[in-house]
Amino acid sequence: MARSTGNDPPTVSGPSPRSDKVEYQTGGWSELLRNRRYLLLLGSGTLAGAGYAVYSVSVLFLAYGLSGNLLVAGAVLFIEYGVYTLTFLIAPLVDRARDKRTVLLVCYPIQALAAALLAVELRGGALSVPVLLGLVLVLAVLWDFVWATFMIAPPLVLPKRQLFVADGLSSVVSVGTQVGGYAGGGALLYFVGPYGGASAYAVLLLGAFLIALPLRLRVEHPPDTRFLETFRRGWDAFRGRAGRSLRSLAGVDVLFGFFSAVPPLLLPAIAFERFGTPASAYAVLVTAFALGGSLAGILVGHANPRRHVGRLLILTPVLAGVSLLALLPTGVPLALPAFLVAVAGAAVSVRYTAKYTWVQGSYAPELLGRLSANLYLFTGVSGSIAVLVVGELSARLPLEPLLALDGLGLVVAGLVSITLPGLSRLSF
């Protein structure tokens, strides 16, 4: 099947009978496991992601513990989400790189150094809120470059029929690495302290660097225009009839991004306010959130729902919202909130996968960094605003109204998606 250049509308019509048998078949695991380049890419990303999981557990718990309220934790997420929105400025630089591996080989060591510095400051008891926020800023900026690279990389090493199953394989691995990362982060908090998580992040980033060394991620014809022209062309795909689907996605992402950013912020508050051992309860909840997303990825990857991307974009916000609303009753055993959090994590993860896999399967590789980053801009800006707003509201409202507002907002985001032109028919 011909790859869209980004100037033509992405495929939304049904496939031919022959493509039904090949391009839309389920499974495909054995072919994927024989692809050495993809396995190197997966290994590097897995170690970096596991390190980030350990770090995120530690840094949010630390931020909340330093202040006793959600405002500092909200500031940490605001910096991260705010910086991630700047990927739309960074992605043109990544798109222009002929070998995307270079980005990983530069960013990983600097991130490891920043994580190690955080560990040293924590170990010495000298960490202040400004230093914490400064290191969070450095790590977030570098993660922008890494994220953009991983948005571009899958179509460089895989045919489009393998994109969903590749994400499924990533989820299989993430069941271990993310659960291990979050659970390990919780254990490090309990037995060692927050500096243990930062130290583990540094070590795992160095491992990701070593695995990326033999990886080849070359683009034969990267953009050769000036930065501003490269940047402008990344937005051209949003214009005209061909850009209608991207505009619809961007529009609903403003709403979805606001409410989907809030659940990770509320998890520490749930752990502290509802359970006698907040560190262990938080570790369980955040692990459940990641585990739900990983297991859902396995199922979606195997199903290869390329013809039903639009339906996934509509149904998953509703499922996430209903799960959060079900968290409102208090005084229940930890297992029930953990299950509901896992369902919410699964729904958010599937929507994320469906959106970006559609982009990867519908547009040329030299556009992917910019398109992915431009789409994330809408999610990131609204998410950055959300964590600050909810952090401020937490001083005036109890936890339950915040959960209710967030759950209702996600349900509304799903219902609004039904009304947007072409969104329900997206496929590739």
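Heads up: the sequence shown runs through residues 9 to 436, numbered per our numbering. Cβ coordinates follow ideal geometry from the N, Cα and C atoms, glycine included. Note that the structure is a prediction, hence the values are computed from the model and not measured.
| query | result |
| --- | --- |
| At least three beta-carbon pairs within less than 8 Å, the segment 334-354 to the segment 316-323 | no |
| Close-in-space but distant-in-sequence residues of the same chain around G51 (CB under 7 Å, 5 per side omitted) | I219 |
| Own chain partners of L177 with C-beta closer than 6 Å, once the 5 adjacent residues on each side are dropped | L40 |
| Cutoff 8 Å; reference V260; Cβ partners in own chain excluding five residues on either side | L321, A421, V424, S425, L428 and L431 |
| 6 Å Cβ shell around V144 - same chain, five flanking residues per side excluded | V84 and I87 |
| Beta-bridge partners of R226, as assigned by DSSP | D107 |
| Of the listed residues R226, R241 and Y360, nearest to T233 (C-alpha basis) | R241 |
| Y290 - containing alpha helix (DSSP H), residue span | P286 to A311 |
| Sub-8 Å separation of E129 and L121 beta-carbons | no |
| Other residues of its chain near F280: CB distance less than 6 Å, five sequence neighbours each side excluded | P286 |
| Backbone CA spacing between L237 and V294 [nearest angstrom] | The displayed chain sequence assigns Glu, not Leu, to residue 237. Between E237 and V294, the C-alpha separation is close to 42 Å. |
| Continuous alpha helix (DSSP H) stretch holding D232: start and end | Element bounds for D232: n/a, residue is neither H nor E. |
| L411 beta carbon less than 8 Å from that of L332 | yes |
| DSSP three-state assignment for L263, whether helix, strand or coil | helix |
| Per-residue DSSP class, three states only, for F217 | helix |
| Helix, strand or coil at G422 according to DSSP, with G and I counted as helix | helix |
| Cβ shell of G417 (< 6 Å), same chain only, five flanking positions each side left out | F267 |
| Alpha carbon of A438 to alpha carbon of S207, nearest angstrom | Residue 438 is absent from the structure shown; the chain starts at 9 and stops at 436. |
| Simplified DSSP assignment, three categories, for R11 | Confidence at R11 is low in this model, with a pLDDT of 34, below 50, so its placement is unreliable and no value can be given for it. |
| Integer-rounded CB distance, given that Y63 should sit under 8 Å from A148 | No, A148 and Y63 are not in contact; Cβ-Cβ is about 11 Å, not under 8 Å. |
| Outcome for Q33 when other beta-carbon atoms lying within 10 angstroms are tallied against a minimum of 16 | exposed |
| A328, DSSP secondary structure in three states | helix |
| DSSP state of R240 mapped onto helix, strand, coil | helix |
| Backbone secondary structure at T19 - three-state DSSP | Caution applies to T19, whose pLDDT of 37 falls short of 50 and renders its modelled position unreliable; the model cannot decide the point. |
| Three-state secondary structure assigned by DSSP to R315 | helix |
| Helix, strand or coil at P429 according to DSSP, with G and I counted as helix | coil |
| Three-way DSSP call (helix, strand, coil) for Q119 in this model | helix |
| Residue environment, G248, which counts as buried when at least 16 other CB atoms sit within 10 Å | exposed |
| Nearest-angstrom Cα separation, counted from V67 out to S390 | 22 Å |
| N43 beta carbon less than 8 Å from that of L166 | yes |
| Candidates L48, F264 and W155: closest to P100 by CA position | W155 |
| Buried or exposed (CB count within 10 angstroms, at least 16 for buried), T13 | The predicted model places T13 with a pLDDT of 31, which falls under 50 and marks its position as unreliable; any figure quoted below should be read in that light. Exposed, because fewer than 16 other Cβ atoms sit within 10 Å of the Cβ of T13. |
| Check whether S179 and S302 have beta carbons under 8 Å apart | yes |
| Residue span of the alpha helix (DSSP H) that contains A355, given as start and end | A343 to S370 |
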